[in-house]
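Asker: So that we are looking at the same thing, I have put the structure below in structure tokens.
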């Protein structure tokens, strides 16, 4: 009878390392597959993992082996109607059947498919993307400090006492102060010993008494060197280092007016979902402000932003005004990196577009790091687009893009947030 | 009326029940004279089974992306229900480790115990190939040594560099075995001790081989000969000992891959026998349990259902056909030997005068110990089995327009079929015969391999990739010459390394 062991509680992810290695090695192929797969699937479920196919030949492990050809004789089971000497037509290669050994090596050219987890998928998905110019404000305004260790100091508070350092100092001091005394003590003791062996005489007697006195005095002085002195104490020193701030806020402006039909709204939402995922994944501390507008703009929470059905006419400037007010009230641009993304079908109340331009050009653009505008499935560009073109000429950090169909979302998104070469 | 004393009646297993079954099975196995290593049975989950799969049955593998690939494809296929997992994995070690999946029913657990812990186990312990080529006592320690060594190399030289070396070694893994010459056995401890010595010594040897100090005239005359003086079949061994530019740690990695290949080599040569033997014994043992009234009808029905699907052999024209099922062939042959011993026909008397009517337990035991697939089939495939399986042999010659049926299950065909089938399991015929032929020691240090062609079979185009791997290890240009059956040089492929 052998042993019976329950291993079920042992870790099950023994292969995790190997899996990671695989993904790292075939990064290029996987990235390509991810990009391809994105255009095919609905972006709302981007939050899930993804089945990935990469060509099997890219990842094959080559070995020496025979190819088909030459002459080979093989034994097969299940003969029903052949007799020796029969001649048979070759079956199409790859099929099961006599002579069809092609498939039993498992060497087909099929794709190798596997599943990426959500995390892995998003990592590939958002690779190389970044908010532009995130460093600008952080260099200008340093507002936070964090303490770092910086050697030792002679004074401080008791909690910061460094015991080892202090005792080392004390030991050194004791050695330094006691050294000469101890040397003298040794000499005196040796002399005393030498004298005690000698015959008695008054001189020696006197000398002995003197030595005795000296020894007692030396011992007292050695004993009075304090074990530790306030002078020995050393404290851990901390200094404050400025900590660069990466405070950032992203304004999401979405047009929900009546002219945005279901398809457009869908695209706009997908675009913002992408943006939302990207930001929440890549940046730890980023605030999001959601603004939806028709004739009036309203700040809403995430849930309402994506799911509310309210609708009406279009006054784009309302949203920009609201954004400006919020910036003034809550996000002083000296402390915050401000980003904005706006999605609209470009359909605006005619006279409102110049107002938008002046709002942007005069008030908003000087405050923000980056403003991205996407126009969704515009039949033709209207006045808003033209006005925005003017803004674009004036400001480098203003970007605008067209999204013509669902499959454009990801490429446009990538274009807008491509990591810029420093 | 049989006495009924069922061990269990339900399909749920418990640890107590597994122990009870194991006791009974071990009793029966002992009665039949199965000689085994001690057993270590481990219960694992499906995920753990997939882990075990991907490390190709090594309980402790070093890290490499190819195992990750294996794992991911197993996982994918399993999750989608395209394949079931094997019920067990068994490791040729002492004690012999068998993994049982927790999802199995009680019947399946009993089947697996009989199959793996007694069937495979006794085969590992007694078959001559395993006895002489693998060392069950040391394998776990060696794998541990290998894993530690490789991860140490990764920290010292970078994952990338180690990975490249491993890739190249894996490409040549099948050419890292000694087919004829038996390796010495070492314990893992000695292995570690020796590794350091070897590193230093080897490097000095290599330096000597590539010495550039001019030699005297009479020595030069002998230099013109080939090096190595005889072609060598163990490519990895040759590279480990002779590649001029490998670092000591790379040589050690080549050696590790070579040793692991050598460990698995007997398994590749005894697939039919090993599975046949294990299947035969689970069948026999579980039927004995039933005969003794230890298991009920439900148990034996479930077992038979599973057993028949394992030994199912689709015929050549079935859509499910993918070659001969080693379980089916092995089980049929083992059962057939028992039949020949117990109920020989007149035909058996003629074909197998030695074993007809002999004690079947002894005869089977002898067969298990002294053969490998090729010789086992050559020795024991009977005309009756050829008829039962309706075996026939087909000649596929690319010079002829049609396939030719060269033999069927009739009096004229038995021997031909037996020879052909045995040949099919001859590893040296299944794999291209490639050997180290020459090293140009005076000139560009290039390495020449020779492919000795059989039956005009071409090499698959993947050889170009493999050659790149060889030249990565060798460090200089590598050439592959194809030599046809008339001993003429047919083609040469080169992988040139610029220096």
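Residue numbers (the numbering used here), protein chains in the order written: chain A, 995 to 1416; chain B, 7 to 505. Where a beta carbon is used, it is the ideal one built from N, C-alpha and C, also for glycine.
#1: Taking Cβ-Cβ distances shorter than 9 Å, what residues in chain A pair up with residue 185 of chain B?
#2: Considering only residues of the same chain and omitting the five flanking positions on each side of residue 1354 of chain A, which have a CB-CB separation below 6 Å?
#3: The alpha helix (DSSP H) spanning residue 175 of chain B covers which residue range?
#4: Helix, strand or coil for residue 1242 of chain A? Go by DSSP, reduced to three states.
#5: In chain A, what lies closer than 7 Å to residue 531 of chain B by C-beta?
#6: What is the DSSP secondary structure of residue 1367 of chain A, reduced to helix, strand or coil?
#7: So who's on the other strand from residue 238 of chain B, going by DSSP bridges?
#8: Would you call the region 299-315 of chain B in contact with the region 343-360 of chain B, where contact means no fewer than 3 C-beta pairs closer than 8 Å?
#9: With a floor of 4 residues, list each alpha helix (DSSP H) that falls wholly inside the region 1346-1409 of chain A, ordered by position along the chain.
#10: Could you run through the region 1059-1070 of chain A and flag, in chain order, every residue whose CB is less than 9 Å away from some CB of chain B?
#11: Closer than 8 Å, CB to CB, is residue 176 of chain B near chain A or not?
#12: Please report the straight-line C-alpha distance between residue 1120 of chain A and residue 1272 of chain A, rounded to a whole angstrom.
#13: Quick one: what's residue 456 of chain B bridged to in DSSP?
#14: Within 8 Å (strictly less), CB to CB, does residue 1008 of chain A reach chain B?
#15: Note down, in chain order, each residue of its chain lying with its Cβ closer than 7 Å to the Cβ of residue 477 of chain B, except the 5 sequence neighbours on either side.
#16: Can you give me the start and stop residues for the beta strand (DSSP E) that residue 107 of chain B sits inside?
#17: Name the DSSP bridge partner or partners of residue 17 of chain B?
#18: Note down, in chain order, every chain A residue with its Cβ under 7 Å from the Cβ of residue 413 of chain B.
#19: Please report the distance separating the alpha-carbon of residue 422 of chain B from that of residue 111 of chain B.
#20: When the cut-off is 8 Å and only beta carbons count, does residue 398 of chain B lie next to chain A?
#21: Under a Cβ-count criterion, where at least 16 other Cβ atoms within 10 Å of its own Cβ denotes burial, should residue 331 of chain B be classed as buried or exposed?
#22: So the beta strand (DSSP E) residue 46 of chain B belongs to, where does it begin and stop?
#23: Residue 997 of chain A and residue 47 of chain B - do their beta-carbons sit closer together than 8 Å?
#24: Assign residue 318 of chain B to buried or exposed, taking buried as 16 or more other Cβ atoms, counted over all protein chains shown, within 10 Å of its Cβ.
#25: Specify the secondary structure class of residue 1412 of chain A as computed by DSSP and reduced to three states.
#26: What are the boundary residues of the beta strand (DSSP E) that residue 1291 of chain A is part of?
#27: Taking residue 123 of chain B as part of the alpha helix (DSSP H), name the residues at either end of that continuous run.
#28: May I ask you to report which of helix, strand or coil DSSP gives residue 1068 of chain A?
#29: Please state whether the Cβ-Cβ distance between residue 268 of chain B and residue 182 of chain B is less than 8 Å.
#30: Taking 8 Å as the cut-off, decide whether the C-beta atoms of residue 1365 of chain A and residue 1392 of chain A are in contact.
#31: Helix, strand or coil for residue 519 of chain B? Go by DSSP, reduced to three states.
#32: Does the region 1205-1219 of chain A come within contact of the region 1138-1152 of chain A, defined as at least 3 CB pairs closer than 8 Å?
#33: Quick check on the DSSP output: the alpha helix (DSSP H) that includes residue 1419 of chain A runs from which residue to which?
#34: Provide the residue(s) that pair with residue 1183 of chain A in DSSP beta bridges, ordered along the chain.
#35: Among the residues of its own chain, which have a CB less than 8 Å from the CB of residue 1350 of chain A, if the five just before and after it don't count?
#36: Roughly how many angstroms separate the alpha carbons of residue 1306 of chain A and residue 1026 of chain A, rounded to a whole number?
Answerer: Put simply:
#1: Here the premise fails: no neighbours, minimum Cβ distance about 15 Å.
#2: Closer than 6 Å at Cβ, skipping near neighbours: 1385.
#3: Where residue 175 of chain B is concerned, the enclosing alpha helix (DSSP H) stretches over 165-177.
#4: Three-state DSSP puts residue 1242 of chain A in a strand.
#5: Lying outside 7 to 505, the shown extent of chain B, residue 531 of chain B is not represented and no answer is given.
#6: It is a strand residue.
#7: Looking at the DSSP assignment, residue 238 of chain B forms a beta bridge with B:442.
#8: In short, these stretches do not touch, since the Cβ pair count stays below three.
#9: As far as the region 1346-1409 of chain A is concerned, its whole alpha helix (DSSP H) runs of at least 4 residues are 1346-1352, 1377-1388.
#10: For the region 1059-1070 of chain A, which is checked against every Cβ of chain B, the residues closer than 9 Å are 1059, 1060, 1061, 1062, 1063, 1064, 1065, 1066, 1067, 1068, 1069, 1070.
#11: The C-beta of residue 176 of chain B comes closer than 8 Å to at least one C-beta of chain A.
#12: Their Cα atoms are separated by approximately 6 Å.
#13: In the DSSP output, where bridge partners are listed per residue, residue 456 of chain B has B:441, B:487.
#14: Yes, residue 1008 of chain A counts as interfacial toward chain B.
#15: 483, 484, 501, 503, listed in sequence order.
#16: Residues 102-107.
#17: DSSP, once it has assigned bridges, lists no residue as partnering residue 17 of chain B.
#18: In chain order: 1078.
#19: Approximately 44 Å, taken between the alpha carbons.
#20: Cβ-Cβ to chain A under 8 Å: yes for residue 398 of chain B.
#21: Classification of residue 331 of chain B: buried, given that the 10 Å Cβ count is 16 or more.
#22: From DSSP, the beta strand (DSSP E) with residue 46 of chain B extends over 45-50.
#23: Taking 8 Å as the Cβ cut-off, residue 47 of chain B and residue 997 of chain A qualify as a contacting pair.
#24: Residue 318 of chain B comes out exposed.
#25: DSSP, read as helix, strand or coil, puts residue 1412 of chain A in strand.
#26: Taken as a continuous stretch (DSSP letters only), the beta strand (DSSP E) holding residue 1291 of chain A covers 1291-1294.
#27: Boundaries for residue 123 of chain B: no alpha helix (DSSP H) harbours it, and the DSSP string shows neither H nor E there.
#28: For residue 1068 of chain A, the secondary structure class from DSSP, reduced to helix, strand or coil, is strand.
#29: Going by C-beta atoms, residue 268 of chain B is nearer than 8 Å to residue 182 of chain B.
#30: Cβ atoms of residue 1365 of chain A and residue 1392 of chain A: closer than 8 Å.
#31: Past the edges of chain B, shown from 7 to 505, lies residue 519 of chain B, and the structure says nothing about it.
#32: Here the region 1205-1219 of chain A does not lie against the region 1138-1152 of chain A, with fewer than 3 beta-carbon pairs under 8 Å apart.
#33: Any property of residue 1419 of chain A remains undetermined from this structure, which presents chain A solely from 995 to 1416.
#34: Looking at the DSSP assignment, residue 1183 of chain A forms no beta bridge with any residue, so it has no partner.
#35: Only residues of its own chain outside the window of five on either side were considered, and among them 1310, 1311, 1314, 1342, 1378, 1381, 1382 have a CB closer than 8 Å to the CB of residue 1350 of chain A, listed in chain order.
#36: Computed Cα separation, rounded: 41 Å.
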